[in-house]
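Visitor: Residue 0 is where the sequence shown starts when you use numbering that gives the first Met the number 0, and the numbers rise one by one after that. My questions all concern the structure below.
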Amino acid sequence: MVQLILTEPQLVRLKAAVATGSAESAALEAGKRFGGEVFSPEPIAVKCTLAIATRLLSVANRFCPEVVPKIRAAIEQEKQ
Numbered sequence: 000m001v002q003l004i005l006t007e008p009q010l011v012r013l014k015a016a017v018a019t020g021s022a023e024s025a026a027l028e029a030g031k032r033f034g035g036e037v038f039s040p041e042p043i044a045v046k047c048t049l050a051i052a053t054r055l056l057s058v059a060n061r062f063c064p065e066v067v068p069k070i071r072a073a074i075e076q077e078k079q
């Protein structure tokens with residue numbers, strides 16, 4: 000499983016860019032907040048398969064370029 004750590008604005012932009020009802024949308028919806036009062040705003044952990052992460056990377060390349068490095072790094076970490 001690939002774990003993406005996103006901010007709320009990044010998550011919102013990715014959600015808006017994927018098809019409603021898709022596997023990518025479901026993975027993003029299942030994201031869990033963590034960090035509580037330690038981090039502000041709270042980061043969100045999204046766990047998904049390598050295939051879904053790869054599709055999210057394609058979407059991010061077109062619509063959310065600021066998220067691309069995070070997704071690439073998470074994919075590379077999973078491959079190791």
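Yeah, the Cβ is synthetic: ideal placement off N, Cα and C, and Gly gets one too.
Would you please state the rounded distance, in angstroms, between the beta carbons of A59 and I70? I believe it to be under 8 Å.
Guide: Taking the sequence shown and counting its residues from 1, the one referred to as residue 59 is at position 60. Taking the sequence shown and counting its residues from 1, the one referred to as residue 70 is at position 71. The pair is a contact, with the Cβ atoms about 6 Å apart (cut-off 8 Å).
Visitor: According to the neighbour-count rule (16 or more other Cβ atoms, all chains shown, within 10 Å of its Cβ), is G34 buried or exposed?
Guide: For the purposes of this step, residue 34 is taken as the residue at position 35 of the sequence shown. Burial call: exposed.
Visitor: Are the beta-carbon atoms of I43 and L10 separated by less than 8 Å?
Guide: As a position in the sequence shown, residue 43 is number 44, starting the count at 1. As a position in the sequence shown, residue 10 is number 11, starting the count at 1. Taking 8 Å as the Cβ cut-off, I43 and L10 qualify as a contacting pair.
Visitor: Give the straight-line distance between the Cα atoms of V1 and V45, rounded to the nearest whole angstrom.
Guide: What you label residue 1 is simply residue 2 of the sequence shown in a count that begins at 1. What you label residue 45 is simply residue 46 of the sequence shown in a count that begins at 1. About 8 Å.
Visitor: Helix, strand or coil: which one does DSSP assign to Q76?
Guide: In the sequence shown, the residue the question calls residue 76 occupies position 77. Q76 falls in the helix class under three-state DSSP.
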